[in-house]
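Engineer:
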Amino acid sequence: MFNLKCRLAPHIPKLGGLSHKVANKLCRYPFFYSIKFWQEHKSEYSFTADGKAVLKEFNIPCSLEAVNPYLATYHLARNKYQFHAKNGIVYMKISNLTFQIDFPYCIPELLETYRDNSYGQYNLKNKTVVDVGAFIADSSIYFATKGAKKVLAYEPSQMYKIAENNVKLNNLEHIVTLRNQAVAEKAGSIKLDYMPYNPGGSSTTFSHKKATQYDVEAVPLLTVRDEVDHIDLLKLDCEGAEYQIIPEAQRSGTLKHVDQIIME
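This is the structure in structure tokens:
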């Protein structure tokens, strides 16, 4: 249904004849929101024969499935934050940090971490943090800039390369160590369902119809603990794998070496 409504984009009906109040209410629903979005921004895009929208500003084709919320989030965020493209790669600057993003994705996560200060309640000074589900290293870099002495970050998906580049872009290699691995119940090879239209939702435990599946290396939290004496803060954002990781850590005794846990 979402594909169908987005393909209306090149032939946008008008929302005329409605009061401003009624039009605003209608735009809370995805179908009418898409109409409103394209009415406002159609001139900034060209459309390909295979149904993609090309943002002229960056000359990057985007699936129309990204309209809600990813492209819409970009159009809001660019009013306050700087974006630029180089060699077909888009970068976002936020809180004096520069991030490579998989445009139009990654922007909501960066806004949540830096604009909304979602980890602001934690004292990170001289702490050791393990970041499971590091994505593009947005949270790992946040922890490092807030005083963590060591951040050990795990990201099994192809976002790892972007995460690695972001750590280098912000000169934090001396604090953030990245592993291209999943953290799971046990060591070995497991299947990852990678979501191209929602990379932050990629999972080793949930299957998705539109996912690309491939094998990734996995390690248990016990192995992670071999690299650090104590975990002051454990962040788990791994789309359901938490429910396997925590019981295994309890059985192995690893959990007693963890002070605080964030589950997302």
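Residue numbers (my numbering): 32 to 295. Where is the CB? At the ideal position from N, CA and C, for every residue including glycine.
(1) Measure the C-alpha to C-alpha separation of N211 and S188 and round it to an integer number of angstroms.
(2) Jot down the residue ranges of each uninterrupted alpha helix (DSSP H) in the stretch 152-191, minimum 4 residues, whole runs only, in chain order.
(3) Would DSSP call L209 helix, strand or coil?
(4) Starting from the C-beta of A116, find all residues in its chain whose C-beta is less than 6 Å away, skip the five residues before and the five after it, and write them out in chain order.
(5) Roughly how many whole angstroms lie between the Cα atoms of A108 and A194?
(6) Apart from the five residues just before and just after V250, which ones in its own chain have a Cβ nearer than 7 Å to its Cβ?
(7) I'd like to know if the stretch 179-188 and the stretch 276-294 are in contact, where contact means that at least 3 CB-CB pairs between them fall below 8 Å.
(8) Let me check understanding here. Comparing Cα to Cα, which of Y105, C269, R146, F134 lies closest to N127?
(9) I'd like to check one pair, L265 with L252: are the Cβ atoms closer than 9 Å?
(10) DSSP has F130 in a bridge; who is on the other side?
(11) Report yes if the CB atom of N19 is closer than 9 Å to the CB atom of T176, and no otherwise.
(12) For Y76, which residues from the same chain have a beta carbon less than 7 Å from its beta carbon, with the 5 sequence-adjacent residues on both sides left out?
(13) In whole angstroms, what separates the C-alpha of L303 from that of I172?
(14) Between I138 and Y101, how many whole angstroms is the CB-CB distance? I'm expecting something under 8 Å.
(15) So, helix, strand or coil for F68, using DSSP?
(16) Roughly how many angstroms separate the alpha carbons of T159 and H72, rounded to a whole number?
Structural biologist: On the basis of the data shown:
(1) Indexing the sequence shown from 1 puts residue 211 at position 180. Indexing the sequence shown from 1 puts residue 188 at position 157. Going by the C-alpha atoms only, they are around 7 Å apart.
(2) The stretch 152-191 contains, as complete alpha helix (DSSP H) runs of 4+ residues, the segments 169-176 (chain order).
(3) Counting from one through the sequence shown, the residue named residue 209 turns up at place 178. DSSP places L209 within a strand segment (E or B) once states are collapsed to three.
(4) The count along the sequence shown starts at 1 and reaches residue 116 at position 85. Here the set comprises F89.
(5) Position 77 of the sequence shown, counting from 1, holds the residue named residue 108. Position 163 of the sequence shown, counting from 1, holds the residue named residue 194. Rounded to whole angstroms, A108 to A194 spans 21 Å at the Cα level.
(6) The residue you call residue 250 lines up with position 219 of the sequence shown. Within the same chain, V250 has close Cβ partners Q212, V214, A218.
(7) These segments do not touch.
(8) Position 96 of the sequence shown, counted from the start, is the residue given in the question as residue 127. Closest option to N127, Cα to Cα, is R146.
(9) To locate residue 252, count along the sequence shown from 1; it is residue 221. To locate residue 265, count along the sequence shown from 1; it is residue 234. Yes.
(10) By 1-based counting over the sequence shown, the position of residue 130 is 99. For F130, which the question treats as bridged, DSSP gives the partners M123.
(11) As shown, the chain starts at 32 and ends at 295. That puts residue 19 outside it, with no answer to give.
(12) Your numbering for residue 76 matches position 45 in the sequence shown. Result list for Y76: A84, V85, L86, K87, in chain order.
(13) A query on residue 303 cannot be resolved here, the shown segment of the chain reaching from 32 to 295 and no further.
(14) Mapped onto the sequence shown, residue 138 falls at position 107. Mapped onto the sequence shown, residue 101 falls at position 70. The C-beta distance from I138 to Y101 rounds to 7 Å, short enough to meet the 8 Å contact threshold.
(15) On the sequence shown, residue 68 is found 37 positions in, with the first residue counted as 1. Residue state, collapsed to three classes: helix.
(16) Your numbering for residue 159 matches position 128 in the sequence shown. Your numbering for residue 72 matches position 41 in the sequence shown. Near 45 Å, if we compare the C-alpha coordinates of H72 and T159.
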